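These notes are about the structure you will find just below.
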Amino acid sequence: MPDKSQLPTGAAFAWRLALFYSAVCAVLGVQMPFLPVWFVAKGLDSASVGLVLAIPLIVRLFAIPIASRIADRFDAVRAVIITCAAGALLGYAAVGLTPSPGAIMVAIALASTFYTPLMPLADAYALRGLALRSRGYGPVRLWGSAAFIVGTLGGGVLLDIIDSRELIWVVVAAMALNAGAACVLAPLARTPAAAPAEDTFAGVLLRDPRFLIAAAAAGLIQASHAVYYGFSALQWQADGYDGLSIGALWTLGVLAEIVLFAASARLAFDPTFLLAAGAAGAVIRWGAMALAPPAVLLVMLQCLHALSFGATHLGALGVVARLAPAQLGATAQGYLAVALAVVMAGAMGLSGELYSRWGDGAYWAMAVLAGGGGVVLLAGALCGGNERCDGEEERVSSHG
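With the sequence shown counted from 1, adding 956 to any position gets you this note's numbering.
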């Protein structure tokens, strides 16, 4: 492992990281809106689509803790990122070659084993490397959101000009770029300071009310996106929107998210405030979406993605960054990702049934989920959840 004097500093590190975030999020930009369209083209009904979309969320319950623990135990975050990126490329190529719905589910599970750890590992790598260089997270992460837009618009254009059954190869091509970008990430210097043992840290973190409240609230708010992630493209397509229009609607949401990320380094908002703003934005957004809004209002509602996703994401990361030492950053982000996945898996699994029964009305259930996240935050504030309830004086780390 090289020492700090041999590593890229400042802008060089940030741009390599921005390239990787761009590659990861370009994959998501194609995958999230349009993979359900490919599933339908392969013969899956709405309920089955919801189940298939829940598979990665279930897989990540074990894939992320394993990957993050390996990364921290061997101080090898970059190496694990590269391995996962390569495995995800091969896994999604296998998805494209599968002939039947049952085989698709198996291949998705395999691909997700490698793909789902990438974002929490990237966040752990970013928080550690950027902190050493006194750089903010948001201004680097926003390049990922920008690439998401490129992927979404590109996917929307391709939806209009290629057979829906070929969309999977667009995802595979984006995965290849992702694997290449992982290889150019700079190594991280070893951090000499001692860290608590992983098992001890896990016990302390999982008893800390600050972590539990943040994870529960963020999980409910992020899970409220299940119908949007799984079925918005299908619903808008049924309403007569073409692929480019669908991509543009998704793009509006991500543009709003980019604005928030760009400004985050200059803002001094408390993570709990950001989570509360995320809950409020999500309740308004999904409540209005349930009413089948016209295009003009739909454009405005998409801008609330800055709150429903962006503020929630920054708030949850902020809480964990305050609680975790640098050497266990990947492990801590893994715990958070698993907590979010538990709730999202349930919501995504139910979303297909909700959508098949109620169509746009399924968004009412999503508004209730987001409201639940706000209630958790309020309850935590009323019972003093920002302080340790067990009377312990020691901090998990001095990171905050």
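C-beta: ideal position from N, C-alpha, C; glycine also. Please read all numbers here as calculations on a predicted model, not as lab measurements.
Judged by DSSP in its simplified three-state form, G1085 adopts helix.
Spatial neighbours of F995 in its own chain (CB-CB distance under 7 angstroms, excluding positions within 5 residues in sequence) are listed in chain order as V1005 and V1008. Judged by DSSP secondary structure, P1165 falls within the alpha helix (DSSP H) whose first and last residues are P1165 to A1179. For L1086, same chain residues with a beta-carbon under 8 angstroms away, outside a window of 5 residues either side, are F969, A970, L973, G1092, Y1093 and V1096 in chain order. DSSP places C1259 outside both helix and strand once states are collapsed to three, so it counts as coil. L1200 is positioned such that its CB atom lies no closer than 8 angstroms to that of V1324.
The closest CA to that of V1252, considering only F976, Y1185 and L1208, is found on L1208. Counting the other Cβ atoms within 10 Å of the Cβ of S1090 gives fewer than 16, which makes it exposed. By the CB criterion at 8 angstroms, D1028 and A1286 fall inside the cutoff. Short of 8 angstroms from the beta carbon of A982, and not among the five residues preceding or following it, lie these beta carbons of its own chain, in chain order: A1103, F1104, V1106, G1107, A1130, L1133 and N1134. With contacts defined as CB atoms closer than 8 angstroms, F1187 and V1275 fail to qualify as a contacting pair. In this model, Y1197 and A1321 are separated by some 24 angstroms (Cα to Cα).
By the criterion of a C-beta distance shorter than 6 angstroms, A1318 is surrounded in its chain by V1183, L1310 and Y1311, once the five residues flanking it on both sides are discounted. CA-to-CA, the gap between L1338 and I1038 works out to about 44 angstroms. In this structure, the straight-line span from the alpha carbon of D1195 to that of V993 is close to 14 angstroms.
Excluding residues up to 5 positions away in sequence, V1276 and A1280 lie with their Cβ nearer than 6 angstroms to the Cβ of A1288 in the same chain. Annotated as proximal: L1098 and F1217, with beta-carbon spacing under 8 angstroms. Of G1271, A1221, M1245 and A1174, the smallest CA-CA separation from G1328 is found for A1174. In this structure the region 1251-1269 does not touch the region 1052-1066; the number of beta carbon pairs closer than 8 angstroms is below three. Rounded to the nearest whole angstrom, the C-alpha separation of V1126 and Q987 is 9 angstroms. Listed in chain order, the non-local C-beta contacts of V1294 below 8 angstroms within the same chain comprise R1016, L1017, I1020 and P1021, local neighbours out to five positions each way being set aside.
Rounded to the nearest angstrom, the Cβ distance from L1205 to W1192 is 7 angstroms, consistent with a contact under 8 angstroms. In the DSSP assignment, A1003 falls within the unbroken alpha helix (DSSP H) covering S1002 to R1029. Listed in chain order, the non-local C-beta contacts of G1110 below 6 angstroms within the same chain number zero, local neighbours out to five positions each way being set aside. Sequence-distant Cβ neighbours of I1014 in its own chain, meaning closer than 6 angstroms and more than five residues away, are A1301.
In this structure C1040 is buried. Its beta-carbon is surrounded by 16 or more other beta-carbon atoms within 10 angstroms. With contacts defined by Cβ atoms closer than 8 angstroms, A1262 and V1215 form a contacting pair. The residues A997, in chain order, have a CB closer than 6 angstroms to that of R1121 in the same chain once the five nearest residues on each side in sequence are set aside. Judged by DSSP secondary structure, D1116 falls within the alpha helix (DSSP H) whose first and last residues are G1094 to I1117. Looking at L1223, L1141, L1190 and G1305, the one whose alpha-carbon comes closest to that of Y977 is L1141. Cβ-Cβ separation between I1169 and V1051: approximately 37 angstroms, too far for a contact (criterion under 8 angstroms). Contiguous alpha helix (DSSP H) elements confined to the region 1217-1295 occur at 1227-1245, 1251-1258 and 1268-1279, taking only those with 4 or more residues. Secondary structure of L991 (DSSP, three-state): helix.
In the structure shown, D1079 falls within a helical segment according to DSSP collapsed to helix, strand and coil.
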